[in-house]
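Position in the sequence shown (first residue = 1) + 171 = my numbering.
Cβ atoms here follow ideal geometry from the backbone N, Cα and C, with glycine treated the same way.
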Amino acid sequence: MSGSGRRIVLTGVSRGLGRAMAEGFIAAGHTVFGCARSAVAVEEWSRQFPAPHRFDAVDVSQRDEVHDWATKILSEGGLPDLLINNAAGINRSAPLWEVPAEEFSWLIDVNVKGVFQVIREFLPAMIGRGHGVVVNLSSGWGRSVAPEVAPYCASKWAIEGLTRALAAELPDGLAAIPINPGIIDTDMLRSCFGRGAGSYPDATTWARKAVPFLLELGPEQNGQPLTVPGP
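Structure follows, in structure tokens:
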């Protein structure tokens, strides 16, 4: 997907990998249409990066919010060249049988249903144009498992299957790719690893490799489960 000045739709921009990717894409000269649940974060982004960039408060687990967001972006010419589903949550570390049912449902609503809803709103327009890349961020725990994060593992294994099945459905010129970002020092990792997360690269360092890597993806990688190269 070579070229410059691309339009990038990115969920979960308020912190962690989403924030680092948004900053990296903008610094590289691309236009970002981002969302986050935090209205405060969105206001901050909008002040720092005004039009042509756009940032909206959206909960991807809410179908109506995603629909309204996508409608606004597409109507304003924000048809994405690159659509990145990054927004996700993780359960509080616990054996599966101790995870509250409400927490499990919330995680699936965000991590799986949210991805589906964003794809459902944006992909038909991308297909109509005849090109574009959908990246769904997976995890090392979407290809392996660990104790006390079974709901998160389940959600990311679902993303791997969903993305690879979608890839088999796409017409020529498009791609759907599950990406394992690697192990990065984020709030999410710290909820599992504690201080041990500090031994891994932070999100800004990670993005220096991740942003150019993501920008190079194209139809040739359709359906391939990939991993961002280490910093």
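Ala325 counts as buried, since no fewer than 16 other beta carbons sit within 10 angstroms of its beta carbon. A Cβ-Cβ distance of about 4 Å is found for the pair Ala228 and Ala210, placing them in contact under the 8 Å criterion. Fewer than three pairs of CB atoms, one per stretch, sit closer than 8 Å, so the stretch 210-220 makes no contact with the stretch 385-401.
Boundaries of the beta strand (DSSP E) harbouring Phe204: 202-207, taken from the DSSP string.
The beta-bridge partner set that DSSP reports for Phe275 is empty.
At least 8 Å separates the beta-carbon of Ala241 from that of Val283.
Rounded to the nearest whole angstrom, the CA to CA distance from Gly313 to Leu386 is 22 Å.
For Val180, the enclosing beta strand (DSSP E) stretches over residues 178-182. Here DSSP, grouped into helix, strand and coil, assigns Arg225 to strand. Nearest C-alpha to Val382 among Gly301, Val184, Ala199: Ala199. As computed with DSSP, Val304 is found in a beta bridge with Leu253, Ala346.
For Leu397, DSSP records a beta bridge to Ile350.
Restricting attention to Gly365, Thr376, Leu345, the CA atom closest to the CA of Gly353 is found in Thr376. Pro221 and Arg178 have their C-alpha atoms roughly 15 Å apart. Taking all protein chains shown into account, Gln219 has fewer than 16 neighbouring C-beta atoms within 10 Å of its C-beta and is therefore exposed. Note: Asp230 is not bridge-paired with any residue in the DSSP secondary-structure output.
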